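Letter by letter, the sequence shown follows residues 4 to 68 in this note's numbering.
Ideal Cβ placement from N, Cα and C applies to all residues, glycine included.
If you're wondering where the values come from, they're calculated on a predicted model, not measured in any experiment.
One structure is given below, encoded as structure tokens.
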Amino acid sequence: MDLDELFAKTPESPLTLLCRQDLDPLSVEELELRIAALEGEIARTRARIESSTSHRAIADALFKR
């Protein structure tokens, strides 16, 4: 999906605002903190996907029996 397409649908979403934030005024330290926070959010999101996938596989296995 094209990011501009996503942003058009949700112009006020936190993700849209985050992606459109001007990075020029941020210091190197602030940028590094931002990266660390985003990497943490990526890890949290991946864990949630894994959990959802696992629950789905368990439910599928249960109902196939």
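Less than 8 Å separates the beta-carbon of L34 from that of L26. Nearest to R23 by alpha-carbon distance, out of D7, A46, L36, is D7. Nearest Cα to E44 within the set T13, S57, L18, D5: L18. Rounded to whole angstroms, E53 and A62 show a C-alpha spacing of 14 Å.
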